[in-house]
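Since the structure comes first, as structure tokens, the remarks are kept for the end.
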Amino acid sequence: MSATLLMDDAVAQATAIRDGTTSAAALLEATLDAIAARDPVLNCYTDLRVDAARGEAAAIDAALARGEDPGPLTGVPVAVKNLFDIAGLPTRAGSKVLGALGLPPPTRDATALARLRGAGAVLVGALNMDEFAYGFSTENAHVGPTRNPADPQRIAGGSSGGSAAAVAAGLAAITLGSDTNGSIRVPASLCGIWGLKPTYGRLSRAGAWPFVASFDHVGPFARSVRDLALAYELMQGGDPRDPACTGRVDPVGDLDAQAPGLRIGVLGGWFADRADGQAGAAVERAAAMLAEGGTRHDVTLPMAEAARSAAFCITGAEGGALHLPILRTHADLYDPAVRDRLLAGTMLPASVVHHAQRVRRAFAAQVSAVFEEFDLLLAPATPVSAPPIGDATIILDGVEVSARANLGLYAQPISFVGLPVIAAPVPGAALPLGVQLIAPPWAEARLFAAARRLERAFQ
Amino acid sequence: MAELSDGLIDGVIDEAAAILGLHVLPEHRPGIAANLALLSRHAAIALAVPLPPEAEPAPVFRPGDAP
Numbered sequence: 001m002s003a004t005l006l007m008d009d010a011v012a013q014a015t016a017i018r019d020g021t022t023s024a025a026a027l028l029e030a031t032l033d034a035i036a037a038r039d040p041v042l043n044c045y046t047d048l049r050v051d052a053a054r055g056e057a058a059a060i061d062a063a064l065a066r067g068e069d070p071g072p073l074t075g076v077p078v079a080v081k082n083l084f085d086i087a088g089l090p091t092r093a094g095s096k097v098l099g100a101l102g103l104p105p106p107t108r109d110a111t112a113l114a115r116l117r118g119a120g121a122v123l124v125g126a127l128n129m130d131e132f133a134y135g136f137s138t139e140n141a142h143v144g145p146t147r148n149p150a151d152p153q154r155i156a157g158g159s160s161g162g163s164a165a166a167v168a169a170g171l172a173a174i175t176l177g178s179d180t181n182g183s184i185r186v187p188a189s190l191c192g193i194w195g196l197k198p199t200y201g202r203l204s205r206a207g208a209w210p211f212v213a214s215f216d217h218v219g220p221f222a223r224s225v226r227d228l229a230l231a232y233e234l235m236q237g238g239d240p241r242d243p244a245c246t247g248r249v250d251p252v253g254d255l256d257a258q259a260p261g262l263r264i265g266v267l268g269g270w271f272a273d274r275a276d277g278q279a280g281a282a283v284e285r286a287a288a289m290l291a292e293g294g295t296r297h298d299v300t301l302p303m304a305e306a307a308r309s310a311a312f313c314i315t316g317a318e319g320g321a322l323h324l325p326i327l328r329t330h331a332d333l334y335d336p337a338v339r340d341r342l343l344a345g346t347m348l349p350a351s352v353v354h355h356a357q358r359v360r361r362a363f364a365a366q367v368s369a370v371f372e373e374f375d376l377l378l379a380p381a382t383p384v385s386a387p388p389i390g391d392a393t394i395i396l397d398g399v400e401v402s403a404r405a406n407l408g409l410y411a412q413p414i415s416f417v418g419l420p421v422i423a424a425p426v427p428g429a430a431l432p433l434g435v436q437l438i439a440p441p442w443a444e445a446r447l448f449a450a451a452r453r454l455e456r457a458f459q
Numbered sequence: 001m002a003e004l005s006d007g008l009i010d011g012v013i014d015e016a017a018a019i020l021g022l023h024v025l026p027e028h029r030p031g032i033a034a035n036l037a038l039l040s041r042h043a044a045i046a047l048a049v050p051l052p053p054e055a056e057p058a059p060v061f062r063p064g065d066a067p
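Taken in order, these protein sequences are the chains called A and B. Residue 148 in full-length UniProt numbering sits at position 148 of the first sequence, and the numbers go up by one each step. Residue 12 in full-length UniProt numbering sits at position 12 of the second sequence, and the numbers go up by one each step.
Here you go:
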């Protein structure tokens, strides 16, 4: 097996296995070797399925030998944030609490994971996260922080930090995460890889431990746009186990097709005021490339601050209410920072939450009007690149603020109204940082085409 | 919702805990208070958005599939 295959994308890996250049077993062993070498520092994985994965890789090689086609992810090593159900393995959701409840392990995989495995992927294990997905740093109080592959002294971002770092370090080709307020986009940005938060209701969340029903999404991380698109396409489809899943299926189409000029809107105001120089420069660079043959204008969303605050309140209240029965009996087993946020959330008046949900619809209408003039909106994914591990605060616009709450400053208003977003890495700086490519609801295909244009331009 | 001052927060925690059947341990109280103060600041920003009565929330509940 070539030394570079581990860092190639999933499509290249599956191709190499299908054409006999390597085998699923060999790629898995190389992945396990890389995990053994790097993960003691990076701390991406909380659970490894070594024997089970070896069995699955051998079965894929045997199927190929019989002339069968295991699918487009033949032998590709994948892994999931540890809030996704894996049949036979206790679901952690970054906590000790679920283990203490004495629940039996799930008997079936989360839907999104099942669809990847159904396409031939080999599940390597489960990945570190902020407890119950309530954070942006993956400094997990129980198993320690996931470290950023670009600089292990820095955070990977969160809450899907293990998922982002594993892909960035070549410890899996594709991973799954969840995004309620930015938990795919923030770590994708800080680790320098691609991440998709799909339209709300697009991909089934069944079997992913919930957090905030109004905003929860699941989505993939990948090292290439074609991998991201492939994983997304494989996971589309209805699912009666997720009441929010619409079942709407739209093909991505040809990523390299000649596209008409795009009307690019660069989000200012809320989305620019606190960004540091690198974040602003990344947006400008991406906007200039995407606007070639099209147009580029600045645009503001005047309700963005209120949207973010409304999202903050709904998050606290829905998350708190979800955890209330467990908090009554197991409060001491939570990460104290998460526990106190959830407990405070239970105490928010219902009238605030109801108003916040009405703000959500009003903001969606405002954004919808903006999309009559623009094809894509651009904003930083994070206001800064990865802060050092242990730093409780970051400096934004000269003001010291909580890192845990504010790394998602620009992500939160967008997920609030369920828009599809690709977090796109913009290379060229010392530390990774990404931008959000934001499309109207259900226009993921437009996002993928734009992301591919950026990928080609940056290669 | 008004931003909660330090003087008000203890009372809010006591009353909410009583309604919810929560036993708040003394060592949890400072963290809850800090987060409740933060939530109240965000609530004030959200509540400042004027909305007409017909501005309903977004979620649509689907009772099930047609037979």
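Idealized CB from N, CA, C, for every residue including glycine.
- For residue 345 of chain A, the enclosing alpha helix (DSSP H) starts and ends at 336 to 346.
- A contact between stretches requires three or more CB pairs, one per stretch, nearer than 8 Å, and the stretch 14 to 30 of chain A fails this requirement with the stretch 142 to 153 of chain A.
- Under the Cβ criterion of 7 Å, residue 43 of chain B is counted among the residues facing chain A.
- As the crow flies, the alpha-carbon of residue 37 of chain A is around 28 Å from that of residue 424 of chain A.
- Contact annotation for residue 346 of chain A against chain B: 16, 20 and 22 [CB-CB distance below 8 Å, chain order].
- For residue 329 of chain A, the uninterrupted alpha helix (DSSP H) run begins and ends at 304 to 330, by DSSP.
- In the assembly as shown, residue 103 of chain A is an exposed residue. Its beta-carbon has fewer than 16 other beta-carbons within 10 Å.
- In the three-state scheme derived from DSSP, where H, G and I count as helix and E and B as strand, residue 389 of chain A is classed as coil.
- Against chain A, a Cβ distance below 7 Å from residue 26 of chain B picks out nothing, because the smallest value is about 13 Å.
- Within chain B, no residue has its CB atom less than 8 Å from the CB of residue 206 of chain A, the nearest being about 16 Å off.
- Boundaries of the alpha helix (DSSP H) around residue 15 of chain A: 10 to 18.
- Contact holds between the stretch 179 to 194 of chain A and the stretch 127 to 136 of chain A, because three or more Cβ pairs, one in each stretch, are under 8 Å apart.
- Annotation note: the stretch 404 to 448 of chain A contains the following uninterrupted beta strand (DSSP E) runs of length 3 or greater, listed N- to C-terminal: 421 to 425 and 434 to 438.
- Counting only the Cα atoms, residue 32 of chain A lies some 49 Å from residue 372 of chain A.
- In its chain, beyond the 5 residues on either side, 178, 180, 205 and 210 have a beta carbon closer than 7 Å to the beta carbon of residue 216 of chain A.
- Taking the CA atoms as reference points, residue 195 of chain A sits about 30 Å from residue 64 of chain A.
- Per DSSP, the beta bridge partners of residue 236 of chain A are A:203.
- Shown here for residue 189 of chain A: same chain residues with a beta carbon closer than 6 Å to its own, the five before and five after excluded, namely 381, 382, 423, 433 and 434 in chain order.
- Residue nearest to residue 161 of chain A within the set A:223, A:81, A:13 and A:261 is A:81 (criterion: CA-CA distance).
- At least one C-beta of chain A is nearer than 7 Å to the C-beta of residue 31 of chain B.
- Contacts with chain A at 7 Å (Cβ-Cβ) include residue 55 of chain B.
- Counting only Cβ-Cβ distances below 8 Å, residue 165 of chain A has no contacts in chain B at all, with the closest Cβ about 28 Å away.
- In the three-state scheme derived from DSSP, where H, G and I count as helix and E and B as strand, residue 300 of chain A is classed as coil.
- Residue contact with chain B for residue 11 of chain A: absent (no Cβ-Cβ distance below 7 Å to any residue of chain B).
- Distance from residue 267 of chain A to residue 299 of chain A at the Cβ level is roughly 6 Å; contact confirmed, criterion being Cβ atoms closer than 8 Å.
- The criterion of a C-beta distance shorter than 7 Å is satisfied by residue 385 of chain A and residue 278 of chain A.
- The alpha-carbon separation between residue 13 of chain B and residue 70 of chain A amounts to approximately 56 Å.
- The straight-line gap separating the alpha-carbon atoms of residue 258 of chain A and residue 16 of chain B is approximately 58 Å.
- Per the C-alpha coordinates, the member of A:323, A:406, A:430 and A:399 positioned closest to residue 93 of chain A is A:323.
- Under DSSP, residue 266 of chain A forms a beta bridge with A:298 and A:378.
- For residue 309 of chain A, the chain B residues whose Cβ falls inside 7 Å of its Cβ are 42, 45 and 46, in order along the chain.
- Between residue 388 of chain A and the set A:404, A:379, A:375 and A:378, the nearest pair of CA atoms involves A:404.
- About 19 Å separates the beta carbon of residue 34 of chain A from that of residue 176 of chain A, a gap too long to meet the 8 Å contact definition.
- The bridge partners DSSP lists for residue 194 of chain A are A:222.
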